[in-house]
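Everything on this sheet refers to the single structure shown next.
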Amino acid sequence: MKRAATFWKRYCRNRPAVAGLVIVVTVLALGILAPVLYPGDPWSIVAAPFLWPGDPHAPLLGTDVLGRDIASGILHGARVSLRVGLFSALFAGLIGTLVGSVAGYYAGWVDDILMRITEAFQTVPSFLTALMIVALFKPSVTTIIVAISIVSWPAVARLVRAEALRVRGS
């Protein structure tokens, strides 16, 4: 308990870290509360196009070229971005941890094969690979999550493998 208190004291003295935490928590809270704050479809037309913020008939941040509420679009977009980031990191971590731990534990030819596969994934540019995956399949949030996960796992695998080899003593 004392270590946690010491950590928070030191953390709170670092102003950029606190500012970053406030921003992340704010975006997370607004993304979670988007359906409550802006119920309905963010793509629906709610007012005249190009209304400025502060206009008496305008939504909070105004409207876009089609008359859609900009604030609603931002908050609902934050939900999607948070979902993509969370699940992509989770799946990349799972795949990388599995591959890296198997390679580090068994070593030998298993390690060689798994690390050559990992290196093959690392030699192809990540952005182009993800773009190709999304283009080959129906573009959707799920496809984007899968594409990002596929291009992100090799770094995790190499890190986990190195740690497994260190623990193993090889």
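Note that the working numbering has the sequence shown beginning at 1190, numbered continuously upward. Ideal Cβ placement from N, Cα and C applies to all residues, glycine included. The structure presented is a predicted model; accordingly, all values stated were derived computationally and were not measured.
At the C-beta level, S1261 and P1231 come within 7 angstroms of one another.
When C-alpha distances from R1350 are compared across T1286, S1338 and P1314, the shortest belongs to T1286. Taking G1220 as the centre and dropping the five residues before and after it, the same chain places the C-beta of L1264, A1267, R1268 and L1271 closer than 7 angstroms to its C-beta, in chain order.
It is roughly 34 angstroms from the alpha-carbon of V1207 to the alpha-carbon of Q1311. With contacts defined by Cβ atoms closer than 7 angstroms, A1281 and S1329 do not form a contacting pair. Contact between A1236 and T1252 holds: their C-beta atoms lie close to 5 angstroms from each other, under 8 angstroms.
R1357 and V1213 have their C-alpha atoms some 38 angstroms from each other. Judged by beta-carbon spacing, A1247 lies beyond the 7 angstroms limit of S1290, meaning their Cβ atoms are not closer than that value. The beta carbon of A1223 sits closer than 6 angstroms to those of L1264, H1265 and R1268, all from its chain and outside the five residues before and after it, given in chain order. For D1301, the secondary structure class from DSSP, reduced to helix, strand or coil, is helix.
One alpha carbon belongs to A1319, the other to F1326, and they sit about 11 angstroms apart.
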